[in-house]
């Protein structure tokens, strides 16, 4: 041991001996003052320990993670197969639309309306709708 360490140890021993020479009442008062000074550090340390413990309990074990990973891989394979099948159907639909020369949108400007009345004598030829004549052509 170095000379500095020996001197520090002797000083610590002397201070400890001095405090041990006090009576029980004085020692309790001294302890209370020391605890009062150190209480914020103890509280912070306790709170930090609780936070670390809560984080550790929230973590999953390696076995649980491996099971979840295997389950997710199976789900991923199923979803890829479904996605592939849907893409094939989409290609088929697009091919059939092209073969039929199907257009997505109407070339006419459409106005939503409901049939209000029909002429009884010409059932299939004349109807009255609930829209005005403005902007509509017959």
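Numbering (this note's numbering), first residue to last: 33 to 170. All C-beta atoms in this analysis are idealised placements derived from N, C-alpha and C, irrespective of residue type, glycine included. All values reported here derive from a predicted model rather than from experimental measurement.
Under the three-state DSSP convention, the category residue 76 falls into: helix
Integer Cβ distance of residue 126 from residue 146, believed to fall under 8 Å: Going by Cβ atoms, the distance from residue 126 to residue 146 rounds to 34 Å, so no, they are not a contact pair.
Local conformation of residue 129 per DSSP, three classes: helix
Within-8 Å CB hit, residue 159 to chain C: Protein chain content of the structure displayed is limited to a single chain, and chain C is not contained in it.
Spatial distance of residue 101 from residue 60 (CA atoms): 58 Å
Alpha-carbon spacing of residue 80 relative to residue 91, whole angstroms: 17 Å
Residue 159 - DSSP class collapsed to helix/strand/coil: strand
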